[in-house]
Amino acid sequence: MFWFRAQWHQWLRQVRDMPPSIAEQQQDVARLQNIKKLARLADERWENKPSLLRKPSVQSNPATAPEDPRTEAGGTEASKERGMETVAGSEAEAKGVSKGRGPSEQWQPEMWKPKPGAARR
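UniProt numbering numbers the first residue of the sequence shown as 1 and each following residue consecutively.
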């Protein structure tokens with residue numbers, strides 16, 4: 001599919017007086033190549049950053065691996081099956097509060113009470 005560059009659109013719609021020069025077109029091509037290169041580098045940097053959403057790629061032996069501190073706070077699956085939940089986990093569940101919620105999530109706005117205005121004449 002053939003597409004026009006922005007400079008040609010401007011000239012065809014009579015926004016600019018002169019058609020784009022060869023040098024201007026070459027600068028635009030160089031600019032687009034630079035943008036693509038910088039976008040590719042930014043994507044590579046983003047992919048190399050650690051993320052909590054991705055599973056770790058390193059497989060460790062579960063018998064020798066240290067326990068995850070996050071599982072200790074909420075209790076492991078095996079301990080929950082045996083009825084040994086942690087105190088913090090059971091209290092939060094009893095109150096109906098999920099983990100990671102802040103006090104502002106419980107806030108409710110008050111009803112609007114307008115002040116009486118000046119008497120109309």
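All C-beta atoms in this analysis are idealised placements derived from N, C-alpha and C, irrespective of residue type, glycine included.
ask   = Leaving out five residues before and five after K37 in sequence, what residues of the same chain have Cβ atoms less than 8 Å from its Cβ?
value = Here the set comprises nothing.
ask   = What separation, rounded to the nearest whole angstrom, lies between the Cα atoms of M18 and V29?
value = Looking at the two C-alpha atoms, the distance is approximately 19 Å.
query = When burial is assigned at 16 or more other CB atoms within 10 Å of the CB, is G75 buried or exposed?
reply = Summary for G75: the model assigns pLDDT 49, below 50, so the residue's position carries little reliability, and this model does not support an answer.
ask   = In whole angstroms, what separates the C-alpha of L52 from that of R45?
value = Computed Cα separation, rounded: 16 Å.
inquiry  = Tell me the DSSP secondary structure of Q108 in three-state form.
reply    = Judged by DSSP in its simplified three-state form, Q108 adopts coil rather than helix or strand.
Bounding residues of the alpha helix (DSSP H) (the contiguous stretch that carries V29) = Annotation for V29: the continuous alpha helix (DSSP H) segment containing it runs 22–48.
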